[in-house]
Amino acid sequence: MRSLLKLFVPLAVFAVALVLLTSLNGGDGETPVLADRPGPASLDVGPNATTQEAIDATLEAIETEPGDVALQASLGDLYYQRGRETADATFNAKALVAYEAALRLDPRNAGATLGLGTLALAKHDFAGGLRWGQRALALEPASVAPYAAIVDAQVELGRYGDAKRSLQRMVGLKPNLASYSRISYFRELHGDLDGALEALELAASAGGGTAENVAYVETLLGNLQFQRGRIGAAELAHRAALNRAPGFLNARVGLATIAASRGNLDAAIDGYRRAIEVSAVHEFNVLLLEAQLAAGREADAEQTKAEIRKYQAIERDQRGVDTDVELAIFEAEHGSPERAVELGRAAVATAPSAPAADAYSWALTHAGRGAEALRWGRRALRLGSEDPLFLYHAGMAAKAAGEPALARRWLERALARNPRFSPWHAPRARAALRALDAPRARGDAGS
2 MRSLLKLFVP
12 LAVFAVALVL
22 LTSLNGGDGE
32 TPVLADRPGP
42 ASLDVGPNAT
52 TQEAIDATLE
62 AIETEPGDVA
72 LQASLGDLYY
82 QRGRETADAT
92 FNAKALVAYE
102 AALRLDPRNA
112 GATLGLGTLA
122 LAKHDFAGGL
132 RWGQRALALE
142 PASVAPYAAI
152 VDAQVELGRY
162 GDAKRSLQRM
172 VGLKPNLASY
182 SRISYFRELH
192 GDLDGALEAL
202 ELAASAGGGT
212 AENVAYVETL
222 LGNLQFQRGR
232 IGAAELAHRA
242 ALNRAPGFLN
252 ARVGLATIAA
262 SRGNLDAAID
272 GYRRAIEVSA
282 VHEFNVLLLE
292 AQLAAGREAD
302 AEQTKAEIRK
312 YQAIERDQRG
322 VDTDVELAIF
332 EAEHGSPERA
342 VELGRAAVAT
352 APSAPAADAY
362 SWALTHAGRG
372 AEALRWGRRA
382 LRLGSEDPLF
392 LYHAGMAAKA
402 AGEPALARRW
412 LERALARNPR
422 FSPWHAPRAR
432 AALRALDAPR
442 ARGDAGS
């Protein structure tokens with residue numbers, strides 16, 4: 002499942018993709034500041050300049066005009082964009098320094114204020130991201146840019162009614178890549194996959210501030226097609242993203258996932274490893290782990306688990322990222338279910354979104370608390386999500402709660418949506434269905 006966090010950085014995208022977009026994200030399709038705010042009029046780097054060239058030119062201009070607040074705010078935007086392009090989190094730290102420098106020069110600078118909101122969301126600080134976004138909007142009430150952070154924060158906080166109203170305002174002000182991509186995710190959460198696909202196609206055709214922005218939307222198109230079980234269309238979308246932005250990590254990971262769905266686990270594992278060499282984000286490592294487990298590479302899988310724990314510690318302790326949702330699912334499956342329950346409880350207390358409810362439900366299922374797991378599984382699906390992983394988790398919660406008919410319905414929906422949604426979990430969904438059908442088969446045979 003993609004996340005609004007991934008519209009910022011892989012999610013968590015995301016995250017999450019916000020999944021991103023977030024996650025990121027997310028993981029998650031456009032840096033709202035770059036897309037909707039022009040750079041300083043005094044800076045001319047040419048229409049075809051790369052982000053790094055723009056950074057170099059901005060730094061040179063700042064040496065000449067150190068008191069230019071627009072240059073400092075623009076530098077923060079450029080550092081953040083470069084971090085997206087390279088999947089290098091150190092650029093976020095540089096962006097923070099630039100934004101804070103801008104606000105020291107002018108505490109009412111809306112661009113730098115919004116930049117701090119973007120960075121807060123990248124750390125899964127959704128409440129902080131919302132505060133900064135609303136502050137930026139108060140400083141520039143006619144601007145569309147703050148709505149990107151506001152919508153993303155409201156969705157990740159589970160404030161879906163507020164998010165819908167903000168989205169309506171955002172698209173009314175400026176129907177572009179940023180607004181269409183968020184409409185797509187909102188529709189996806191509500192199970193409207195056709196509408197989500199339509200909005201993403203509008204987002205891609207609208208274009209964005211950089212090739213990476215549009216390529217990211219094309220990978221979202223690929224992920225959505227994959228969720229729908231349309232593997233060929235998913236592959237075409239990811240290849241289009243790579244053509245637009247060669248080497249783009251999310252597209253490379255998308256192609257590895259397609260290889261895994263086709264049973265080519267060696268190619269999938271190689272693809273995930275190559276991506277992780279560039280950026281060892283949690284989502285990439287988990288996909289690698291599932292492919293290794295499906296291929297029976299237990300020793301490699303144990304090493305990947307250790308790498309995941311190492312990376313999560315860096316995210317939490319050094320970068321200040323809230324990793325409760327990701328860790329709850331990981332601990333439930335590969336570590337301590339009791340610890341997973343603690344993490345899941347913290348996640349829904351902080352940000353009671355559908356992904357947080359799903360993580361808490363999965364943790365409770367593995368801890369043997371079926372009735373509670375089912376309650377939270379229902380909450381994860383209450384908007385109507387058709388995400389196969391959500392449906393699988395909810396189905397297993399229902400099975401643990403002694404609700405076989407409900408479990409069967411959700412598991413069948415997960416596999417109907419995409420019978421190859423995961424090389425590790427899809428076979429378990431089928432095995433669970435067989436186990437649910439066994440008593441009924443025995444009853445038919447005895448009648």
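Take the position in the sequence shown, starting the count at 1, then add 1; the result is the number in my numbering.
For each residue, glycine too, the CB sits at the ideal point set by N, CA and C.
Along the chain, where does the alpha helix (DSSP H) containing residue i start, and where does it finish?
| i | result |
| --- | --- |
| serine 280 | Here serine 280 belongs to no alpha helix (DSSP H), and DSSP marks it neither H nor E. |
| isoleucine 315 | Element bounds for isoleucine 315: n/a, residue is neither H nor E. |
| threonine 366 | 355-367 |
| alanine 352 | Per DSSP, alanine 352 belongs to no alpha helix (DSSP H) and is neither H nor E. |
| arginine 263 | No alpha helix (DSSP H) contains arginine 263, which DSSP labels as neither H nor E. |
| histidine 191 | Segment: none, histidine 191 is in no alpha helix (DSSP H) and carries neither H nor E. |
| tryptophan 133 | 127-140 |
| valine 322 | Here valine 322 belongs to no alpha helix (DSSP H), and DSSP marks it neither H nor E. |
| threonine 119 | 111-123 |
| leucine 158 | No alpha helix (DSSP H) contains leucine 158, which DSSP labels as neither H nor E. |
| glutamate 413 | 405-418 |
Which of the three DSSP states is assigned to residue i in this structure?
| i | result |
| --- | --- |
| leucine 384 | coil |
| valine 172 | helix |
| glycine 30 | Note that glycine 30 scores 32 on pLDDT, short of 50, meaning its location in the model is unreliable; the coordinates nonetheless yield the value given after this. The answer is coil: DSSP assigns glycine 30 none of H, G, I, E or B. |
| glycine 208 | coil |
| leucine 390 | helix |
| histidine 335 | helix |
| leucine 203 | helix |
| serine 144 | coil |
| serine 167 | helix |
| alanine 430 | helix |
| phenylalanine 92 | helix |
| serine 423 | coil |
| aspartate 69 | coil |
| glycine 230 | coil |
| proline 108 | coil |
| alanine 439 | helix |
| alanine 402 | coil |
| threonine 305 | helix |
| alanine 296 | coil |
From residue i to residue j, what distance separates their C-alpha atoms?
| i | j | result |
| --- | --- | --- |
| alanine 204 | proline 440 | 49 Å |
| alanine 197 | phenylalanine 187 | 8 Å |
| tyrosine 81 | glycine 118 | 12 Å |
| asparagine 93 | aspartate 388 | 30 Å |
| glycine 272 | glutamate 291 | 13 Å |
| alanine 96 | alanine 234 | 36 Å |
| tyrosine 361 | glutamine 73 | 41 Å |
| threonine 305 | asparagine 224 | 24 Å |
| proline 424 | serine 354 | 26 Å |
| glycine 192 | leucine 138 | 30 Å |
| glutamate 157 | tyrosine 181 | 17 Å |
| leucine 122 | aspartate 438 | 44 Å |
| glycine 68 | glycine 129 | 27 Å |
| alanine 199 | tyrosine 217 | What sits at residue 199 in the sequence shown is glutamate, not alanine. About 16 Å. |
| proline 142 | valine 279 | 39 Å |
| leucine 168 | leucine 412 | 32 Å |
| glutamate 324 | glutamate 339 | Here the sequence assigns threonine to residue 324, which means glutamate is not the residue at that position. Using only the alpha carbons, I get a separation of about 16 Å. |
| alanine 50 | leucine 222 | 27 Å |
| leucine 76 | glycine 248 | 24 Å |
| alanine 164 | serine 185 | 13 Å |
| glycine 345 | aspartate 57 | 43 Å |
| alanine 358 | arginine 170 | 28 Å |
| serine 144 | alanine 111 | 10 Å |
| leucine 390 | glutamine 226 | 15 Å |
| threonine 52 | alanine 149 | 21 Å |
| alanine 268 | phenylalanine 331 | 24 Å |
| leucine 288 | histidine 125 | 21 Å |
| tyrosine 100 | phenylalanine 285 | 30 Å |
| isoleucine 63 | leucine 79 | 14 Å |
| aspartate 301 | glutamate 308 | 11 Å |
| arginine 231 | alanine 238 | 11 Å |
| alanine 42 | proline 176 | With a pLDDT of only 45 at alanine 42, under 50, the local geometry of the prediction cannot be trusted, and the value read off the model is given with reservation. Whole-angstrom Cα-Cα distance: 25 Å. |
State the CB to CB distance for the pair residue i and residue j, rounded to an integer number of angstroms; the pair is presumed to be in contact (CB under 8 Å).
| i | j | result |
| --- | --- | --- |
| valine 342 | alanine 364 | 5 Å |
| tyrosine 393 | histidine 426 | 6 Å |
| histidine 335 | tyrosine 312 | 14 Å between Cβ atoms; not a contact. |
| alanine 395 | alanine 381 | 6 Å |
| leucine 416 | alanine 399 | The Cβ separation is near 15 Å, so there is no contact. |
| arginine 183 | valine 152 | 5 Å |
| alanine 252 | threonine 220 | 5 Å |
CB of residue i to nearest heavy atom of the ligand HEM: below 7 Å?
| i | result |
| --- | --- |
| alanine 307 | For the structure depicted, the ligand HEM is absent and the ligand set is empty, with no information on it obtainable. |
Counting only C-beta atoms, is residue i closer than 8 Å to chain D at any point?
| i | result |
| --- | --- |
| asparagine 251 | The question asks about chain D, but that chain is absent: this structure has only one protein chain. |
- Message: Under 8 Å, with one C-beta from each stretch per pair, do the segment 291-302 and the segment 249-266 reach the 3-pair mark?
- Response: yes
- Are there three or more Cβ pairs, one per stretch, closer than 8 Å when the segment 126-141 is compared with the segment 100-108? no
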